[in-house]
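At position 21 of the sequence shown (counting the first as 1) the number is 33 in the numbering used here, and the numbers step up by one without a gap. C-beta: ideal position from N, C-alpha, C; glycine also. Please read these numbers as outputs of a predicted model, since none were measured by experiment. Presented below is the structure to which this report refers.
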Amino acid sequence: MIDRMNCILCHSLATPELVSSSVRDDNHFRVVRCLTCGHVQLDPLPSEEDDAKFYADDQQTRRLVGDVDFDLLRSNTTTDTQRRVDWLRSVASPQAGAVLDVGCGYGFYVEALVQAGYRATGLDVSHARVSLARMHTEGEFINGSIDEDFTIRYAASFHVITLFHVLEHVRTPMNFLHDCAKLATSGGKLLLEVPNLNDELLEVQAAYRAFYWQRAHLSYFDPA
Numbered sequence: 013m014i015d016r017m018n019c020i021l022c023h024s025l026a027t028p029e030l031v032s033s034s035v036r037d038d039n040h041f042r043v044v045r046c047l048t049c050g051h052v053q054l055d056p057l058p059s060e061e062d063d064a065k066f067y068a069d070d071q072q073t074r075r076l077v078g079d080v081d082f083d084l085l086r087s088n089t090t091t092d093t094q095r096r097v098d099w100l101r102s103v104a105s106p107q108a109g110a111v112l113d114v115g116c117g118y119g120f121y122v123e124a125l126v127q128a129g130y131r132a133t134g135l136d137v138s139h140a141r142v143s144l145a146r147m148h149t150e151g152e153f154i155n156g157s158i159d160e161d162f163t164i165r166y167a168a169s170f171h172v173i174t175l176f177h178v179l180e181h182v183r184t185p186m187n188f189l190h191d192c193a194k195l196a197t198s199g200g201k202l203l204l205e206v207p208n209l210n211d212e213l214l215e216v217q218a219a220y221r222a223f224y225w226q227r228a229h230l231s232y233f234d235p236a
């Protein structure tokens, strides 16, 4: 018997379907599907206080790969960074306006944008990651979140807002997207990327399934 859940999207308290009985880096959590709206999420949800500490201390990286090797992380993300720069180039030139990279992490993408001629700012809730970004990469970095103060201060300030593997970490994704829209200029663009819940490897490789589910991801999305 699976206990009731609190769905992030529709707020249903109904008994969910079990998707995974565990996640790879914390045995206190499982993954469930809401039978009312179909949303897949972590259960139980961590408290806001636990989440704040989790990101402030960069626990996601430390739990999954151990101590931070900055040069290795940069090398491992080169392909994705360039792919995302090319994506941005396809929708906006450097002259179009400022770019905000939400969840900028260690700053590799912001640095690549600056080197490509864009006026780019990175925002991240992790003090540890922002500190490393400021020390080792080019660009402007802000340690913070998209809260009421941030949306007021930076309202209509960015022509492009990027969210690369960020939305799955957010406690209230619809409200979060609404707040992001407040930061965009008229005609602004949002580039969004999340892990794919319908990834074929989840069906054919047990090792990948065990790797896929993790404590940091509060939600899992599919293309539908």
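Can you look up leucine 203 in the DSSP assignment and give me helix, strand or coil?
Strand.
Taking the alpha carbon of valine 142 as the point to measure from, which residue in Glu123, Gly129, Glu160, Arg131 has its own alpha carbon closest?
Taking only the C-alpha atoms, the option nearest valine 142 is Glu123.
Just the C-alpha distance for arginine 45 and isoleucine 20, rounded to the nearest angstrom, thanks.
So the alpha carbons of these two residues sit roughly 11 Å apart.
Tell me the start and end of each unbroken alpha helix (DSSP H) in the region 78-122 that is at least 4 residues and wholly inside, in chain order.
The qualifying runs are 82-88, 90-103.
For proline 185, count neighbouring Cβ atoms within 10 angstroms of its own Cβ and tell me buried if that reaches 16, exposed if not.
Proline 185 comes out buried.
Quick one, which of Thr27, Tyr220, Asp92 has its alpha-carbon nearest aspartate 238's?
No answer is possible for residue 238: the residues shown for the chain start at 13 and end at 236.
Expressed to the nearest angstrom, what Euclidean distance is found between the alpha-carbon atoms of threonine 93 and valine 111?
Distance between the alpha carbons of threonine 93 and valine 111 is about 15 Å.
Over the uninterrupted beta strand (DSSP E) stretch that includes arginine 42, give me the two end residues.
It spans 42-45 - the beta strand (DSSP E) in which arginine 42 sits, taken as one unbroken run.
Going by DSSP, what residues sit across from threonine 1 in a beta bridge?
Nothing can be reported for residue 1, as the shown portion of the chain is limited to 13 through 236.
Check this for me: beta carbons of glycine 156 and valine 126, under 8 Å apart or not?
Cβ distance not < 8 Å, so glycine 156 and valine 126 don't count as in contact.
Considering only residues of the same chain and omitting the five flanking positions on each side of threonine 174, which have a CB-CB separation below 6 Å?
So the list reads Asp113, Leu203, once near-sequence residues are dropped.
With distance defined between alpha-carbon atoms, name the residue in Asp83, Ser87, Ala193, Asn39 nearest to leucine 54.
Considering only alpha carbons, the answer is Asn39.
Run the CB neighbour count on threonine 90, radius 10 Å, all protein chains shown included, and call it buried at 16 or more, exposed below.
Result: exposed.
Is it buried or exposed for cysteine 22, if we count other Cβ within 10 angstroms and need 16 for buried?
Exposed, by the Cβ-count rule.
For a test of the three-state rule: what should DSSP assign to alanine 68, helix, strand or coil?
Three-state DSSP puts alanine 68 in a helix.
Just to confirm, does tyrosine 121 get its C-beta within under 7 Å of one of the non-hydrogen atoms of the ligand HEM?
Among the components of this structure there are no ligands whatsoever, and the ligand HEM is therefore not found.
Identify every residue that forms a DSSP beta bridge with alanine 228.
Per DSSP, none; premise fails for alanine 228.
On a CA-only basis, which of Ala222, Glu61, Ala145, Gly199 is nearest arginine 183? Give me that one, please.
Residue Glu61 is the option with its Cα nearest to arginine 183.
Could you check what DSSP says for aspartate 63 in three-state terms: helix, strand or coil?
Helix.
In the DSSP assignment, find the beta strand (DSSP E) that holds glutamate 152 and state where it starts and stops.
Looking at the DSSP string, the run of the beta strand (DSSP E) that includes glutamate 152 is 152-155.
Would you report the Cα separation of histidine 181 and histidine 229, rounded to the nearest angstrom?
Their Cα atoms are separated by approximately 5 Å.
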